[in-house]
Amino acid sequence: MRIAVIGTGYVGLSTGVCLAEIGHHVTCIDTSEEKIKVLRGGKSPIYEPGMEDLITKNMDANRLRFTTSHEEGLEKSEVIIVAVGTPQQSSGEADLTYLFQAIHDAAPYLKEETIIVIKSTVPVGTNEKVKKWLEGTGQKQTFPSVVSNPEFLRQGSAVLDTLHPDRIVIGCENKEAAAVIEKMYAPLKAQVVTTDARSAEMIKYAANAFLATKISFINNIGNLCEAVGANVEDVSKGMGLDQRIGEAFLQSGIGYGGSCFPKDVSALLAIAKEYHVPFSMIEETMLINDRQKQLLVNKALSRFGHLKQKKIAVLGFAFKPETDDMREAPSITIIHSLLKEGATVIGYDPVATRNAKVIFGEQIMYAASVKEALKEADAVFIVTEWKEIKQLVLSEVISHMKEPIVFDGRNCFSEEAVRDCEEIEYYPIGKPAIIIKKS
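Sequential numbering of the sequence shown, starting at 1377, is according to the working numbering.
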């Protein structure tokens, strides 16, 4: 099948590359000449494990191309997948500017038999608006079918998630068009949910909002565990073994971030307000998450009294491991709060430092290694649970520090690992602090 993908961000690039991997002929289109030049060179403009290997493999097999030309990319395409950004507006609503620009740019090259697939996360009713816009152009007597096909990939495992999805959701009133898209995905052997477009659009928002709520719930339980002297990890394990609940997204920490959860939760709340449906649960999910991002700073203030002229090492900029994405990352809130309190900040991240420099500039220092970040630090904040960080030996960590004080926002270390230290102050999330003084 000949497929065009408009947009080469996380979703578009992952979709295009993986569809080529399962045998389709794919052309990825982007208006950024710089990005297309990078991709044609076999490099990925985003950090995603396994992506570059698949790009070069499928380019060599002549199944994958990259272009800035809509005419070149859409000329012979049977399916056009739109995977452009729908960023959050100040109102919380999704901004559909890029989506409709993509449809506008594609319109002159559309054929009656072409199927347009909206993979971007969009408010309920957007597929209908796209269809009406196309009908309103008056260029043709008949118009392409429009299909809702939301994505559920996770940054850091986008390739794996695309090739091994839990389910594929196809929303369309045209059964023939839905059948074509189901056939396109057939090599993945995934369960297919076929529904109307509005339900498909809602499935995406509902799924992400539920997961965000689950995170905020366990974070609130973690805070309560600290107050009553319980251990949130044991509580999470006991809860997660209940098949009705499940263990995923039950890890207490310093809140969620990224390009999906914050944006999609806000957008769902905006939809609820538009239709006058009370949704206070979602509002509380957002409030809890905002508070959670301040937790480490509050713990440090409680410990020190003030942070003026304290040197704080921050390990991790990215909102999660295996990505360089810093959108809505807890590190942003944490570092800005530390600077406001008068602290000196030095940070380290295996891949996200370039993006951190765009955000913080010269307000903080940047280390080339964990060891450099820790040197003479008064305390360390563990913000992103990179494998490199989780494998650290705590006794070695504190040996480089001025004071052996660790604020672990991701509960990276076991009680046994902490108690192996001769001297340490260890402040985790949702568990009692461990303080060991030198005898």
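Where a beta carbon is used, it is the ideal one built from N, C-alpha and C, also for glycine.
Relative to the C-alpha of residue i, which residue among the options is closest?
i        : options                                : result
Ala-1566 : Tyr-1581, Ile-1546, Lys-1613           : Ile-1546
Pro-1541 : Val-1523, Leu-1564, Ser-1524           : Leu-1564
Thr-1797 : Asp-1784, Ile-1805, Pro-1804, Ile-1774 : Strictly speaking, residue 1797 in this sequence is Cys, with Thr absent from that position. That would be Ile-1774, whose Cα lies nearest to the Cα of Cys-1797.
Thr-1432 : Arg-1667, Glu-1609, Lys-1419           : Lys-1419
Ser-1790 : Lys-1487, Val-1568, Gln-1767, Lys-1751 : Gln-1767
Thr-1391 : Tyr-1561, Asn-1599, Pro-1804           : Tyr-1561
Lys-1487 : Leu-1472, Phe-1476, Ser-1521           : Ser-1521
Phe-1509 : Ala-1483, Pro-1726, Phe-1680           : Before going further, note that residue 1509 is Trp rather than Phe in the sequence given. Minimum Cα distance to Trp-1509 is reached at Ala-1483.
Asn-1595 : Glu-1650, Glu-1454, Asn-1665           : Asn-1665
Lys-1669 : Pro-1638, Glu-1650, Val-1653           : Pro-1638
Lys-1413 : Thr-1384, Asp-1429, Ala-1576           : Thr-1384
Ala-1705 : Ser-1635, Ser-1745, Trp-1762           : Ser-1635
Glu-1577 : Cys-1548, Ile-1597, Ile-1557, Ala-1553 : Cys-1548
Asp-1436 : Gly-1399, Gly-1616, Ala-1643           : Gly-1399
Ile-1597 : His-1480, Tyr-1386, Ile-1805           : Ile-1805
Ala-1583 : Arg-1543, Ala-1553, Gly-1681           : Arg-1543
Leu-1645 : Asn-1434, Leu-1395, Glu-1469           : Glu-1469
Lys-1505 : Glu-1489, Ala-1553, His-1480           : His-1480
Ile-1491 : Glu-1799, Phe-1519, Leu-1600, Leu-1715 : Phe-1519
Val-1782 : Met-1377, Tyr-1386, Ile-1800           : Ile-1800
Tell me which residue opens and which closes the alpha helix (DSSP H) that residue i is part of.
i        : result
Leu-1691 : It is not in any alpha helix (DSSP H) - Leu-1691 instead sits in the beta strand (DSSP E) that spans 1687 to 1691.
Asp-1436 : 1427 to 1436
Ile-1664 : 1656 to 1668
Phe-1586 : 1573 to 1604
Arg-1730 : 1729 to 1736
Val-1498 : Premise fails: Val-1498 is in no alpha helix (DSSP H) and is neither H nor E.
Ser-1815 : Where Ser-1815 is concerned, there is no enclosing alpha helix (DSSP H), given that its DSSP letter is neither H nor E.
Val-1782 : From DSSP, Val-1782 is part of no alpha helix (DSSP H) but of the beta strand (DSSP E) over 1781 to 1784.
Ser-1775 : 1770 to 1775
Val-1381 : Careful: Val-1381 lies outside any alpha helix (DSSP H), inside the beta strand (DSSP E) at 1378 to 1382.
Tyr-1803 : First-last for Tyr-1803: 1800 to 1803, but that is the beta strand (DSSP E), not the alpha helix (DSSP H).
Suppose contacts are defined by Cβ-Cβ distances below 7 Å. Is residue i in contact with residue j by that definition?
i        : j        : result
Asp-1754 : Lys-1687 : yes
Ile-1817 : Ile-1382 : This structure cannot settle anything about residue 1817, because the visible part of the chain is limited to 1377 through 1815.
Pro-1499 : Lys-1580 : no
Leu-1683 : Glu-1717 : yes
Ser-1496 : Val-1458 : yes
Ala-1694 : Ala-1749 : no
Ile-1493 : Leu-1440 : First, the residue type needs correcting, since residue 1493 is Val and not Ile in the sequence shown. It is not a contact, given that the beta carbons lie outside the stated cut-off.
Leu-1430 : Val-1393 : yes
Lys-1590 : Phe-1625 : yes
Ala-1676 : Val-1641 : no
Tyr-1485 : Glu-1454 : no
Asp-1471 : Gln-1477 : no
Ile-1816 : Cys-1788 : Residue 1816 cannot be examined here, being either before or after the span of the chain that is shown, 1377 to 1815.
Ser-1713 : Val-1756 : no
Gly-1631 : Glu-1623 : no
Pro-1808 : Trp-1762 : no
Thr-1691 : Tyr-1724 : According to the sequence shown, residue 1691 is Leu rather than Thr. Yes, these two residues count as a Cβ contact at 7 Å.
Thr-1760 : Tyr-1742 : no
Tyr-1803 : Val-1794 : no
With a threshold of 16 other CB atoms inside 10 Å of the CB of residue i, please say whether the residue is buried or exposed.
i        : result
His-1618 : Here residue 1618 is Asp; the residue named in the question, His, does not match the sequence. Under this definition Asp-1618 is an exposed residue.
Gln-1739 : exposed
Ser-1707 : buried
Val-1604 : exposed
Lys-1551 : exposed
Tyr-1651 : exposed
Ser-1467 : exposed
Asp-1572 : exposed
Ile-1710 : buried
Asp-1784 : buried
Lys-1452 : exposed
Leu-1389 : buried
Pro-1780 : buried
Ser-1592 : buried
Gln-1685 : exposed
Ile-1722 : buried
Arg-1620 : exposed
Leu-1600 : exposed
Output the boundary residues of the beta strand (DSSP E) element that contains residue i.
i        : result
Tyr-1724 : 1720 to 1724
Phe-1442 : 1440 to 1443
Ala-1566 : Where Ala-1566 is concerned, there is no enclosing beta strand (DSSP E), given that its DSSP letter is neither H nor E.
Phe-1757 : 1755 to 1758
Handout entry: At least 3 beta-carbon pairs within less than 8 Å: the region 1422 to 1437 vs the region 1524 to 1539
Key = yes
Practice task
Flag this pair as touching only if the region 1656 to 1664 and the region 1694 to 1705 have three or more C-beta atom pairs under 8 Å; answer yes or no.
Solution key: no
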